[in-house]
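Line order of the protein sequences matches chains A and B.
Numbering follows my numbering, in which position 105 of the first sequence is assigned residue number 105; successive positions increment by one, without gaps.
To get my numbering, take the position in the second sequence, counting from 1, and add 1000.
Shown next, in structure tokens, is the structure this report addresses.
2 protein chains.
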Amino acid sequence: MPVSVFQSAPKGAPARTADVYRAAAALMVEKGFGGTSIGDIAQAVGMTKAGLYHHISGKQDMLYQIMKHAVDALERIVCTPVRLIDDPEERLRQLMRLHIQALIGHGLAFATIWSEVNHLVPAHREEIRGRVGEHLELIRETLRELSENGRLRSLDVNIATMHIVNAITGVSRWKFQDFASEEEHLIQETVAYTMAALLKPAP
Amino acid sequence: MPVSVFQSAPKGAPARTADVYRAAAALMVEKGFGGTSIGDIAQAVGMTKAGLYHHISGKQDMLYQIMKHAVDALERIVCTPVRLIDDPEERLRQLMRLHIQALIGHGLAFATIWSEVNHLVPAHREEIRGRVGEHLELIRETLRELSENGRLRSLDVNIATMHIVNAITGVSRWKFQDFASEEEHLIQETVAYTMAALLKPAP
């Protein structure tokens, strides 16, 4: 587990780093990066501005810390466990399931804040893009493995990868908005829909 | 074609109503509804604030006009022509193609501004939701027809409908972001991917 940069936060502040990043991310998603001030963030996470500046150098740094936290969580909760799965079909099923569960359970803002990546300084932008790229590469590699095994339809692996990621983040959004469906049913249907799109029909 | 509410706009203002709504929508998507002022919108569309207030009563009304414009365009460009197609599979293919083309060509902001719908007054919110609901119902009806013809996989029609809409808006976003692919290839792959997800394999 990553060491909390907020572990020395004053009493009354959210105890867990993840909660701080989640609250700040939700605010930036709601108001946009441009519409969010450090004061807004401090209030949302229950800290003083001075307390917050003790840990971050400004709004841009906050966005970077949030995104680093999100890609670390993605690596830890989704990518690392599924790399251990030998069968590429099962690996992809679990990748989708774990990612949807993580987003629904405690971090949809981490998916939707992605659109703010251009507000980072170039070096941080490249770093975060590279980390997200590793996640995309895991999906692409899995599709190529399915292709080598003769199990993949004839399709563009890059476009299919984006459809998979889009379905994962999409389904997590509906769960919060005007779409009433039981989580397990939503996950099962989404995985089945995606597998039907990707795989050759069973002979 | 709808009559332009901006046809009496002062000289130098954008000539076409669609351009006004598009510019205003893009701004609200970028800065969020809360972060956008009437002054920002007036500047973006090349009008004075007074000129703008001649046509709309405020920011909330502007959002409503944009959304009404977007659902009118969706009805005119996508839904009306595809309702004339008898075969449900071909209807769905054309629905996806026309909608992706329309969003890429001149209106991605109209898809992404959807998340601001809660800023409308309740009556307008219900009206816009109802109009979008008609579009979703066209897709659901088409899936039910495919099911009655024995061509649809065993799947949840409501969830599949959301996956279709999510793929349409997703693919339009990539085109503008960091995804390099020729538009026609992107559309063909997306339609083929979706059809494979939906339809029973050919015998």
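Note that beta-carbon positions come from the ideal geometry of N, C-alpha and C, so glycine has one too.
Just so it is clear, the structure is predicted and the values come from calculations on it, not from any experiment.
Can you pull the chain A neighbours of residue i, defined as C-beta to C-beta under 7 Å?
i, result
"A1196 of chain B", "R153, A196, A197"
"P1122 of chain B", "The contacting residues do not exist; P1122 of chain B stays about 14 Å from chain A at best."
"P1201 of chain B", "P201"
When the Cα atoms are used, what is the spatial distance from residue i to residue j?
i, j, result
"E137 of chain A", "G1046 of chain B", "44 Å"
"P1203 of chain B", "S1154 of chain B", "16 Å"
"A1025 of chain B", "V78 of chain A", "35 Å"
"K59 of chain A", "G34 of chain A", "10 Å"
"E127 of chain A", "Y21 of chain A", "18 Å"
"G1105 of chain B", "I1168 of chain B", "13 Å"
"V3 of chain A", "T17 of chain A", "The predicted position of V3 of chain A is uncertain, since its pLDDT is 37 and thus under 50; a value taken from the coordinates is nonetheless stated next. So the alpha carbons of these two residues sit roughly 9 Å apart."
"A13 of chain A", "V121 of chain A", "Any answer about A13 of chain A is weak, because its pLDDT of 44 lies below 50 and its placement is not dependable; what the coordinates show is given next. If you take the alpha carbons of A13 of chain A and V121 of chain A, they lie about 28 Å apart."
"M195 of chain A", "L1108 of chain B", "28 Å"
"L1052 of chain B", "T36 of chain A", "27 Å"
"H69 of chain A", "G39 of chain A", "21 Å"
"I1100 of chain B", "I1187 of chain B", "7 Å"
"T190 of chain A", "L1143 of chain B", "16 Å"
"I1041 of chain B", "V117 of chain A", "24 Å"
"M67 of chain A", "F110 of chain A", "7 Å"
"D61 of chain A", "R125 of chain A", "11 Å"
"H163 of chain A", "A1023 of chain B", "28 Å"
"L1027 of chain B", "I56 of chain A", "29 Å"
Out of the options, which has the shortest C-alpha to C-alpha gap to residue i?
i, options, result
"R1076 of chain B", "B:T1036, B:L1098, B:S1057, B:E1089", "B:L1098"
"E1094 of chain B", "B:G1105, B:V1121, B:P1081, B:V1020", "Residue identity differs from the one stated: residue 1094 of chain B is Gln in this sequence, not Glu. It is B:P1081 whose Cα lies nearest to the Cα of Q1094 of chain B."
"G1130 of chain B", "B:D1072, B:A1044, B:I1041, B:A1197", "B:D1072"
"E1183 of chain B", "A:H185, A:L52, A:I159", "A:I159"
"W1114 of chain B", "A:Y193, A:E189, A:W174, A:Q43", "A:W174"
"E1141 of chain B", "B:L1092, B:M1096, B:K1031", "B:L1092"
"G1133 of chain B", "B:V1165, B:Q1043, B:A1050, B:L1199", "B:V1165"
"A123 of chain A", "A:L103, A:Y64, A:L84", "A:Y64"
In chain B, what lies closer than 9 Å to residue i by C-beta?
i, result
"I159 of chain A", "V1171, W1174, F1179, S1181, H1185, L1186, E1189, T1190, Y1193"
Strictly below 7 Å CB to CB, what residues from chain B border residue i?
i, result
"N166 of chain A", "N1166, A1167, G1170"
Which residue marks the beginning of the alpha helix (DSSP H) containing residue i, and which one marks its end?
i, result
"T36 of chain A", "Here T36 of chain A belongs to no alpha helix (DSSP H), and DSSP marks it neither H nor E."
"R129 of chain A", "122–148"
"D1072 of chain B", "1059–1074"
"A206 of chain A", "No information on residue 206 of chain A is available, as it lies outside the stretch 1 to 203 that chain A covers here."
"V117 of chain A", "Taken as a continuous stretch (DSSP letters only), V117 of chain A belongs to no alpha helix (DSSP H), as it is neither H nor E."
"E90 of chain A", "88–106"
"T1048 of chain B", "Run containing T1048 of chain B: none; DSSP gives neither H nor E here."
"V1082 of chain B", "1080–1083"
Compute the distance between the beta-carbons of residue i and residue j, then report whether it is under 7 Å.
i, j, result
"P201 of chain A", "E145 of chain A", "no"
"V29 of chain A", "T161 of chain A", "no"
"L74 of chain A", "H119 of chain A", "no"
"G1170 of chain B", "K31 of chain A", "no"
Identify the contact partners of residue i in chain B, using a Cβ-Cβ distance below 8 Å as the criterion.
i, result
"K31 of chain A", "G1032, G1034, G1035"
Going along chain A, which residues have a C-beta under 8 Å from residue i?
i, result
"M1162 of chain B", "G170, V171, W174, F179"
"D1040 of chain B", "Those do not exist, as D1040 of chain B stays about 11 Å from chain A at its closest Cβ, beyond 8 Å."
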